[in-house]
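>
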Amino acid sequence: MAVPAISLPAKITPSKHPQFETFKHRLLRIADAGRLSGAISTLDLMSHRGIPADLLTYSSLLKSSIRSRDLHLGKLIHRHLLHSGLPLDAIVTNSLIALYSKCGDWDTACLIFDQMGANRNLVSWTTMISSAARSNMERTAIGMFCEMLELGFIPNEYTFCGVIQACSSSEFVWIGLVVLGFVIKTGFWREDVAVGSALIDMFAKNGDLCSARKVFDGMLVRNLVVWTLMITRYAQRGCGEKAIALFVGMCLDGHEPDRFSMSSVLAACAEVGSLQVGKQLHSLAIRIGLALDVCVGCSLVSMYAKCVFGGPMDDSRRVFEGMPEHNVMSWTALITGYVQSGHDEEALELFGEMIREGEIQPNHFTYSSILKACANLSEANIGEQVYAHVVKSGLTIVNFIGNSLVTMYAKSGRMDEARKAFEVLYEKNLVSYNAIVDGYLKNSNSEQAFELIHQIQGSDFGASAFTFASLLSAAASIGIMGKGQQLHAQLLKSGFESDTCISNALVSMYSKCGNIEDAVQAFQEMEDRNTISWTSMITGLAKHGHADKALELFHSMVAAGAKPNDITYIAVLSACSHVGLVSEGRKHFQSMKNDHGIIPRMEHYACMVDLLGRAGHLEEAIDFISSMPVKPDALVWRTLLSACRTHGHTEFGERAAREILYQEPDDPSAYVLLSNLYAMGGQWGKVAMIRSGMKEKSLNKEAGLSWIETEGNIHKFHAGDTSHRRSEEIYEKLDELATEIKRLGYVSDTSSVLHDVDDELKEKYVWQHSERLAVAFGLISTSALKPIRIFKNLRVCGDCHTAMKFMSMVAGREIILRDSNRFHRIKDGNCSCGDYW
DNA sequence: TTAGGGTTAG
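Put into structure tokens, the structure is as follows:
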């Protein structure tokens, strides 16, 4: 249908009415102050008295209604404009387009734009393109940009901003690169801050921080907004150190930080975990009068929470209490801080306080954090009560609340309920899938997990950098390297491979799948390394038993100026403990506190106990525990108990078990470790007592499970399993192996068998352990050239470890076993752990 | 007198 074009008047005759100037002045004042409700009555009064307003006034009023996104008032002004009978010029028509498109009435905007016909100018096109880009109609925006070019319009810096924004979506980045060619020719990217910002954002959103930085460095003019943008993107992409460095550069360049840049750099600082930098930023915020800003306040609360690593929340609390007013965000920031730093009970208390005060209603973020606290505490019952509140507030369709519910059930081991919550989710996203997959993995149901991973790949989430990172971590946790390699190949085509998060996920995937060589390669190929990259590599090397290389890499990390965090130190300490470098470990533990200001968490203390205990320094381990400034938790005692079991120290072992059971009376692992310890010493009476105690409490030892991937399928085995379709062949292979390795001198060590039964039966028990079934299956079903990769949910048993060394000799195959603790690379009768594990 | 860029909590 042809739409008649609006004809423009040759000249607008100015109003001659004596009161015109007075009213015009009043209207412009109203528009300036944004008090638009008065404008309509003034317009009414003017039309009543026969005083026409002019187009300039209407434009100002429209601009003001656009600024406040007030479509209702904008429409009233539009109606007045039509009644005035003034012939509309391009300027006021463009303002109308902007009004409707920015307020979400896209159809009306299009109608007005269509009616303009030949009178459309560059501003009309630009308005439409920018609005489409902002409303997630990237395809429309790009289509209009092309149409505009065909009509002969030359885009200016405003137009480029709009179209570049549209190209930020990963699907259209390739068009963005074509547009970049244009922009480079015009020089806009260097001279115009908005074009530069749009480009930086396009690259940053697609994970290419290097190109974003190149644009930033090439810009001739930089204002606070551009600096802030670059700082924010670094912070969001896990490059906290760079964000902080840039913030310093910004201040040196003479820009005083505002609430935006301050909030972002605080987030960066939280990510890096540097309390020292955080405190400096806090005092800067106080000096320049930003500390009382709500936004900055929230960032301070969460910065302190993240930087103390589970230590006291005093600083966060003080900032919160010093805030002049509280809103739902500040409450949520504090509650989330408590949850993130492991103070789940306090988080629940605070939530109760918030509800009791009743002035501020929790929102979806608050609920999500509280559900997480319930998950951590395995308090599914309280969680259900919280969820009742969610239902009442009508927030059930908020995706991540549903996800938190799934996580909560999954963490409490209630997988049926988790699955139900997952199935009824209003919208399933990757986080939902990750929550349920993770639940299945933790509860040893790899088939269900694997099936869901297939579903994820078949779904149309659209591959984003985040998708890849999640899929890689799913592949890593279950150990399906085939899937991980497929993802790696897809990544190379997708253009995400330069994303630091992705590269980190690749390093971790390869190392968790037992392929340390490819992990090292992925690490070496990285363009940008952050704390997580270094930490992942150090962890990988440590788990694979390359403690020397792990420590060497740690020194390179520090030399390269990257800042180790609490997790880095867990890797470093565990590297020392895996090879028994006791004094080196002690040194690192001191340096962590003294040189890097990292307050040790329970995990660090447990690492130290592990280091001392494994090396047989049990007395020192006990002394170390007594000297701890915080009350040792069950993890610390469990670590000691495990060391006592290794070294057969019954007295300390009993003490450790008492402490564990005092804190966690239903912990099956304490019973199992203790009964293993008694079994080692042949104290069968005590073993029987423990077992009957467990039976009374109906506690079950976590079942040992091993699995192996062949051609994308997971084959899972439990001890004595006969359910596999090739079970007969598997047992035949096992028998064959048994004969051969006994000839080579293998003698079965049955001390890990709990039962007081005769030796022959014990031998049968260990011989059918899940890891051996998996190895036998690997031998009959995989190529002789590749290593056999086995995964086990618990620690490998001593006898299986010995048997596998013999098996690697007779079969001439390398066996790579990942147990719950580390990797064992077994070749020609030797294991990379050096039998120290 | 019309068109463009940045912020906190999951």
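Using this note's numbering, read the first sequence as starting at 581 and increasing by one per residue. Note that CB positions come from ideal geometry on N, CA and C, so glycine has one too. Bear in mind that the values here come from a model prediction, so they are computed numbers and not experimental data.
Have a look at residue 1208 and residue 1313 and give me their C-alpha separation to the nearest angstrom.
Distance between the alpha carbons of residue 1208 and residue 1313 is about 51 Å.
> With DSSP collapsed to three states, give me the class of residue 1296.
Residue 1296 falls in the strand class under three-state DSSP.
> Have a look at residue 915 and residue 738 and give me their C-alpha separation to the nearest angstrom.
One C-alpha to the other measures close to 42 Å.
> Exposed or buried, what is residue 790 when buried is set at 16 or more other beta-carbons lying within 10 Å of its beta-carbon?
Counting Cβ neighbours within 10 Å, residue 790 comes out exposed, since fewer than 16 surround it.
> Can the beta-carbon of residue 930 be found closer than 9 Å to that of residue 954?
Not in contact: residue 930 and residue 954 (Cβ atoms no closer than 9 Å).
> Spell out a yes or no on whether the region 627–644 and the region 596–608 are touching, meaning 3 or more CB-CB pairs, one atom from each, closer than 8 Å.
Counting Cβ pairs under 8 Å, three or more are found: they touch.
> Ignoring anything shorter than 4 residues or poking outside the region 1107–1138, list the alpha helix (DSSP H) runs there in chain order.
Correct list: 1111–1123.
> Using a 10 Å radius around the Cβ and a threshold of 16 neighbouring Cβ atoms, would you call residue 582 buried or exposed?
Its pLDDT being 36, under 50, residue 582 is placed unreliably by the model, and the measurement read from it follows with that caveat. When all chains shown are included, residue 582 counts as exposed.
> Determine the burial state of residue 1116: buried for a count of at least 16 other Cβ atoms within 10 Å of its Cβ, exposed for fewer.
Buried: at least 16 other Cβ atoms inside 10 Å.
> Rounding to the nearest angstrom, what Cα-Cα distance links residue 1128 and residue 1091 in this structure?
If you take the alpha carbons of residue 1128 and residue 1091, they lie about 17 Å apart.
> How many whole angstroms separate the CB atoms of residue 1143 and residue 718, which I take to be in contact at a CB cut-off of 8 Å?
No, residue 1143 and residue 718 are not in contact; Cβ-Cβ is about 38 Å, not under 8 Å.
> Give the secondary structure of residue 1410 by DSSP, where H, G and I count as helix, E and B as strand, and everything else as coil.
Strand, per DSSP.
> Just the C-alpha distance for residue 1386 and residue 1368, rounded to the nearest angstrom, thanks.
Rounded to the nearest angstrom, the two C-alpha atoms are 14 Å apart.
> I need the straight-line Cα distance from residue 1415 to residue 970, nearest angstrom please.
Roughly 52 Å between the two C-alpha positions.
> Apart from the five residues on each side of it in sequence, which residues of its chain come closer than 8 Å, Cβ to Cβ, to residue 1173?
Cβ neighbours of residue 1173 beyond the five flanking positions: 1179 and 1180.
> Using only alpha-carbon positions, find the residue among 830, 707, 1291 and 828 that is nearest to residue 1065.
Out of 830, 707, 1291 and 828, 1291 has the C-alpha closest to the C-alpha of residue 1065.
> Report the rounded CA-to-CA distance for residue 1252 versus residue 972, giving the unit in angstroms.
Residue 1252 and residue 972: Cα-Cα distance of roughly 45 Å.
> Assuming residue 705 and residue 728 make a contact with CB atoms under 8 Å, what is their CB distance in whole Å?
About 4 Å; that satisfies the 8 Å criterion.
> Nearest to residue 843 by CA position, among 833, 884, 803 and 832, is which residue?
Among 833, 884, 803 and 832, the Cα nearest to that of residue 843 is on 884.
> Whose C-alpha, out of 1141, 1329 and 1350, is nearest the C-alpha of residue 1341?
Nearest of 1141, 1329 and 1350 to residue 1341, Cα basis: 1329.
> Around the C-beta of residue 1211, are 16 or more other C-beta atoms found within 10 angstroms, so that it is buried, or is it exposed?
When all chains shown are included, residue 1211 counts as exposed.
> So, for residue 857: in the same chain, excluding its five sequence neighbours on each side, which residues have a beta-carbon less than 8 Å away from its beta-carbon?
Closer than 8 Å at the Cβ level, and outside the excluded window around residue 857, lie 824 and 849.
> Would you decide whether residue 1262 is buried or exposed? Buried here means 16 or more other CB atoms lie within 10 Å of its CB.
That one is exposed.
> Would you mind stating whether residue 685 and residue 662 have Cβ atoms separated by less than 9 Å?
Their beta carbons are not under 9 Å apart, which means residue 685 does not touch residue 662 by this criterion.
> Under the three-state reduction of DSSP, which class applies to residue 1370: helix, strand or coil?
Looking at residue 1370 - three-state DSSP - the assignment turns out to be strand.
> Hey, out of 654, 1232, 807 and 1019, whose CA is closest to residue 831's CA?
When each option's Cα is compared against that of residue 831, the closest is 807.
> Can you list the alpha helix (DSSP H) stretches of 4 or more residues lying completely in the region 894–970, in chain order?
Taking only runs of at least 4 residues, the alpha helix (DSSP H) segments lying wholly in the region 894–970 are 894–902, 908–920, 924–937 and 944–956.
> Please report how far the alpha carbon of residue 1399 lies from the alpha carbon of residue 1361, in whole angstroms.
Cα to Cα, residue 1399 sits roughly 21 Å from residue 1361.
> Is it the case that the region 1347–1358 contacts the region 1284–1300, given that we only count it when at least three CB pairs across the two stretches are under 8 Å?
They touch, by the three-pair rule.
> Could you pull out every residue in the same chain whose Cβ sits closer than 6 Å to the Cβ of residue 1008, ignoring the five residues on either side in sequence?
Once the five neighbours on either side are set aside, residue 1008 has no close Cβ partner at all.
> Would you call residue 794 buried or exposed, if buried means 16 or more other Cβ atoms sit within 10 Å of its Cβ?
Classification of residue 794: exposed, given that the 10 Å Cβ count is below 16.
> Would residue 675 and residue 646 be called neighbours here (beta carbons separated by less than 9 Å)?
It is a contact, given that the beta carbons lie within the stated cut-off.
> Beta carbon of residue 1229, beta carbon of residue 1198: below 9 Å?
Closer than 9 Å, so yes.
> Tell me which residue opens and which closes the alpha helix (DSSP H) that residue 1359 is part of.
First-last of the alpha helix (DSSP H) with residue 1359: 1350–1361.
> Look up residue 601 in the DSSP assignment and say whether it is helix, strand or coil.
DSSP places residue 601 in helix when its eight states are reduced to three.
> If you draw a straight line from the alpha carbon of residue 701 to that of residue 746, how long is it in whole angstroms?
Looking at the two C-alpha atoms, the distance is approximately 20 Å.
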